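Protein chains in written order, with this note's numbering: chain F, 100 to 285; chain G, 4 to 56.
Reviewing the structure listed below.
If you want it as structure tokens, here you go:
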């Protein structure tokens, strides 16, 4: 891979996000790190090629503005998106209010869509882009009490596949990695 | 560089789970950076836990 392209990582303060950032920073790649948790700002002390921002990734306008500013500061273009933010939700169909479904959809589907829309212009311009969404085995299977979670991860998978169909001609690839529970929160 | 010890502390998890998270992180990075031919795939890492839910 080339170190002249920035890797954008969302969910940088989660368990998996921390391990990902550790490995990427050891490679001294230019990184833009995003998380709602203000602790993300501490990453900027690790090395000079890391810029960190704490905000809600669902704000499209702010996301676009931050990526433009950060890529300008780093003097490089965005080539990679590693989307590992998201939430787990649990409850039976009757127990979970509609608002909970909407919130799970917003965080696990709409926010990755927004991030993708914000990085695609850089990738299309340079005819290079690699996107990985951290998903769940629940995109492939269903279990009691995981309806909203499964729906959201299946939706993310459908979005990834559509992204590939629409933008492969720009040398942009996208994949999901569907983790089991132990890989993330246990 | 972030210290390994801090990372372990932040997880507050058993070392073997820590290793699993690190391995998962490395796999994610490899898929993102190294495997050019993979496109449009969902790579399932199924360790069987979800089947017990």
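No residue lacks a Cβ here, since even glycine has one placed at the ideal position from N, Cα and C.
These figures come from a predicted structure and were not determined experimentally.
Practice problem: Indicate whether residue 102 of chain F and residue 128 of chain F have their beta-carbon atoms separated by less than 8 Å. | Solution: Yes. Within cutoff.
Through-space distance from residue 26 of chain G to residue 18 of chain G, alpha-carbon basis: Because residue 18 of chain G carries a pLDDT of 41, less than 50, the predicted location of this residue cannot be relied on, and the following value inherits that uncertainty. When rounded, the distance between both Cα atoms is 12 Å.
Exercise for review: May I have the straight-line CA-CA distance separating residue 270 of chain F from residue 224 of chain F, to the nearest angstrom?
Suggested key: Going by the C-alpha atoms only, they are around 10 Å apart.
What whole-angstrom Cβ distance do residue 150 of chain F and residue 172 of chain F have, given they're in contact under 8 Å? 6 Å between Cβ atoms; contact.
Fill in: Which listed residue (F:247, F:200, F:252, F:244) has its alpha carbon closest to that of residue 238 of chain F
When only C-alpha atoms are compared, the closest one is F:252.
Checking 8 Å against the spacing of the C-beta atoms, do residue 179 of chain F and residue 107 of chain F come in under that value?
Between residue 179 of chain F and residue 107 of chain F, the CB-CB gap stays under 8 Å.
(message) What residue range does the alpha helix (DSSP H) around residue 183 of chain F cover?
(response) Taken as a continuous stretch (DSSP letters only), residue 183 of chain F belongs to no alpha helix (DSSP H), as it is neither H nor E.
Does the beta-carbon distance from residue 181 of chain F to residue 231 of chain F come in below 8 Å? Cβ atoms of residue 181 of chain F and residue 231 of chain F: closer than 8 Å.
> chain G beta carbons: is any one of them nearer than 8 Å to that of residue 225 of chain F?
Replying inline: Judged by the 8 Å Cβ criterion, residue 225 of chain F is not in contact with chain G.
Alpha carbon to alpha carbon, how far is residue 254 of chain F from residue 195 of chain F? Taking the straight line from one Cα to the other gives about 18 Å.
- chain G beta carbons: is any one of them nearer than 8 Å to that of residue 247 of chain F? Chain G, which has no Cβ nearer than 8 Å to the Cβ of residue 247 of chain F, makes this no.
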